[in-house]
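Quick note on this note's numbering: the sequence shown kicks off at 4 and runs consecutively.
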Amino acid sequence: MVDESTIWGRRCLIGTMSDKQVIYGRPNVGCLLGSVYQGLLAELAQALKACGLEITTAEYLVLRAVYDREGAQQCEIAGLLGKDNAAVCRCIKGMVAKGLLRTEPVSHKCLKVYLTDEAKRLRPTVMKVARMRHEALKELLTPEEMTMFVTILNRINSII
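In structure tokens form, the structure reads like this:
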């Protein structure tokens, strides 16, 4: 027997597979969180494209971090985003090539990251996308549910 849990049109299988109990309890929280994350990224990509931004979701996340902390080191940005240092480094290198960021060495292993004039020019549009995505999420939950949801996610995040 296999039950399906659906979130944003994506299905997560829970229950048994081939007469063996699936390791995850009901609901399959990991699958649901993964589906939500992938759905949010897909919607973010659509919103970026709709606003005429030629940046990836990863680049968007890095830009948002650098807008808040210009001059931060790559490892600090990775920590803020909860991303792998190497992945963030590759993303930043690509953004330097696109003319969105510039870096300055602090040591042979460490770079500080700064915005270019182009990234500064894009800021209002990037922040418009951020506001649109935030408002879309706020429409899904009541203020009390949002507070509880954020509290639960922070609790989970603090132990992993």
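Backbone N, C-alpha and C fix where the C-beta goes; we use that ideal spot for every residue, glycine too. Every value quoted in this text rests on a predicted model; they were computed, and no experiment measured them.
As assigned by DSSP and simplified to three states, the class of residue i
i	result
Ile58	coil
Asn31	coil
Glu46	helix
Own chain partners of residue i with C-beta closer than 8 Å, once the 5 adjacent residues on each side are dropped
i	result
Ala68	Ala75, Ile80, Leu83 and Leu84
Residues near residue i by beta carbon distance below 7 Å, same chain, minus five either side
i	result
Leu44	Thr60
Phe152	Leu144
Gly105	Position check: residue 105 holds Arg in this sequence, whereas Gly was assumed. Answer for Arg105: Val99, Tyr117 and Thr119, listed in chain order.
Rounded separation between residue i and residue j - CA only
i	j	result
Leu51	Val129	8 Å
Cys92	Asp71	18 Å
Thr154	Pro146	12 Å
Gly102	Lys112	22 Å
Gln24	Leu35	Confidence is the limiting factor: at Gln24 the pLDDT is only 44, short of 50, which leaves the residue's position unreliable and the question unanswerable from this model.
Ile58	Asn31	32 Å
Spatial neighbours of residue i in its chain, beta-carbon cut-off 6 Å, leaving aside the 5 residues before and after
i	result
Lys115	Gly74, Gln76, Glu107 and Val109
Range covered by the alpha helix (DSSP H) that runs through residue i
i	result
Arg158	Pro146 to Ile162
Legend entry - Length at least 3, wholly inside the segment 75-143: the beta strand (DSSP E) runs in chain order: 104-108 and 114-118
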